[in-house]
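Enquirer: Okay, so the sequence shown: first residue is 1 according to the UniProt record's numbering, each after it adds one.
Even for Gly, the Cβ is constructed at its ideal location relative to N, Cα and C.
These figures come from a predicted structure and were not determined experimentally.
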Amino acid sequence: MAGAEIDLTGRTALVTGAASGIGRAIAGTLTAAGATVAAADRDAEGVRAAVTALGAGATAHVVDLADPAAVLALRDEVVAQHGPPHVLVHAAGFDRVEPFMAGDDALWTQLTAVNFLGPVRLSHAVLTSVLAAGPDAGSGAGRSLRIVTIASDAGRVGSLGETVYAGTKGGVIAFTKSLAREMARHGITVNCVCPGPTDTPLLASLPEKVREGLVRAIPFRRVAQPSEIADAVLFFASDRAAYVTGQVLSVSGGLTMAD
């Protein structure tokens, strides 16, 4: 119904990076819409605190997404407790802002393992369970899994001091589009949200002059709040986006206006 609130009651959402920042805001927004959230993060204390705040049957899962075995164990934990999820949000990420020539192989490996291979491996693991489970009871259209990746506008237009990070996020965007084509025949949607500068611990760690420069470059003259990124994810996670797949949505206050 037009104007009705989005209702995810009866659905389970697996959200990575849920201990803080954008991931925690996404977990909260999906919970407020009625979903039961399986919150995952490598920060054990942080994710347990997030789950305590969420309530509503939320569960905490500690995982290192750079470890392939840990990714499979996460899938198995979530399926055992909730069944295959209806929503999968890849909000975990890692970045270090520094010149490309100051980096090394260990940094590039970690960036790739968390930001790109993490979503690839977890998507594959979850899809294995979802496709094996078949359609939901009473539904002839499949389980209607909604996958939402969190990339970055850095992956669309590049970013000074984030060369390899931007490369991993560009890979996430291409992965999203390609997986969307492959999964459409199963009624599964795959979409991407690209945040611009957002009020997170990572942004707060940048020098004040850098933060001020970012704000001046944004037409709205402010950074995003994590809840504003979460609202975009909520749309893609809902039935309102049932016919939307393979799309990339920037939430950046107009900082980037990429085609």
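Is it buried or exposed, Lys209, if we count other Cβ atoms within 10 angstroms and call 16 or more buried?
Expert: Counted from its first residue, the sequence shown places residue 209 at position 209. It counts as exposed.
Enquirer: Within a Cβ cutoff of 6 Å, which residues of the same chain sit near Leu122, ignoring the five residues on either side of it in sequence?
Expert: Residue mapping note: residue 122 aligns to position 122 of the sequence shown, counting from 1. Excluding residues within five positions, the ones whose Cβ falls inside 6 Å are Val71.
Enquirer: From Asp239, Leu249 and Leu30, pick the residue whose C-alpha is nearest to that of Ile150; which is it?
Expert: Translated into the one-based positions of the sequence shown, residue 150 becomes position 150. For the residues Asp239, Leu249 and Leu30, the minimum Cα distance to Ile150 belongs to Leu249.
Enquirer: Could you check what DSSP says for Thr128 in three-state terms: helix, strand or coil?
Expert: Against the sequence shown, residue 128 aligns to sequence position 128. Helix, per DSSP.
Enquirer: Using 8 Å as the Cβ pair cut-off and three pairs as the minimum, do the segment 84 to 98 and the segment 44 to 51 touch?
Expert: Verdict: no, contact absent.
Enquirer: Apart from the five residues on each side of it in sequence, which residues of its chain come closer than 6 Å, Cβ to Cβ, to Thr59?
Expert: Counting from one through the sequence shown, the residue named residue 59 turns up at place 59. Closer than 6 Å at Cβ, skipping near neighbours: Ala38 and Gln81.
Enquirer: Candidates Pro195, Val63 and Arg11: which alpha carbon is nearest Gly170's?
Expert: The residue you call residue 170 lines up with position 170 of the sequence shown. Considering only alpha carbons, the answer is Pro195.
Enquirer: Skipping 5 residues on each side, what residues in its chain have a beta carbon closer than 8 Å to that of Leu107?
Expert: Here residue 107 refers to the residue found at position 107 when the sequence shown is read from its first residue. Arg96 and Val164.
Enquirer: Where does the unbroken alpha helix (DSSP H) through Arg48 begin, and where does it stop?
Expert: Here residue 48 is taken as the residue at index 48 of the sequence shown, counted from 1. Element bounds for Arg48: Ala44 to Leu54.
Enquirer: Just the Cα atoms here: how many angstroms apart are Phe175 and Ala241?
Expert: Looking up residue 175 in the sequence shown gives position 175. Looking up residue 241 in the sequence shown gives position 241. Distance between the alpha carbons of Phe175 and Ala241: 19 Å.
Enquirer: Going by DSSP, which residues form a beta bridge with Asp41?
Expert: Translated into the one-based positions of the sequence shown, residue 41 becomes position 41. According to DSSP, Asp41 bridges with Val62.
Enquirer: My guess is that Arg181 and Gly246 are in contact by the Cβ rule of under 8 Å, so how many angstroms apart are they, rounded?
Expert: Position 181 of the sequence shown, counting from 1, holds the residue named residue 181. Position 246 of the sequence shown, counting from 1, holds the residue named residue 246. Rounded, the Cβ-Cβ distance is 6 Å, consistent with contact.
Enquirer: Nearest-angstrom Cα distance between Ala73 and His86?
Expert: As a position in the sequence shown, residue 73 is number 73, starting the count at 1. As a position in the sequence shown, residue 86 is number 86, starting the count at 1. So the two alpha carbons sit approximately 18 Å from each other.
Enquirer: For the putative contact between Gly254 and Ile218, defined by C-beta atoms under 8 Å, what is the C-beta separation to the nearest angstrom?
Expert: The count along the sequence shown starts at 1 and reaches residue 254 at position 254. The count along the sequence shown starts at 1 and reaches residue 218 at position 218. At roughly 7 Å, the Cβ-Cβ gap stays under 8 Å, so Gly254 and Ile218 are in contact.
Enquirer: Taking the alpha carbon of Ala13 as the reference point, which residue from Ala25, Leu30, Ile22 and Arg216 has its own alpha carbon closest?
Expert: Residue numbering aside, residue 13 sits at position 13 when the sequence shown is read from its first letter. When only C-alpha atoms are compared, the closest one is Leu30.
Enquirer: Give me, in chain order, the residues of the same chain whose beta-carbon lies closer than 7 Å to that of Gly140; leave out the 5 immediate sequence neighbours on both sides.
Expert: In the sequence shown, counting from the first residue as 1, residue 140 sits at position 140. In this prediction, Gly140 has a pLDDT of 40, which is less than 50 and means its spatial position is unreliable; nothing more can be read from the coordinates.
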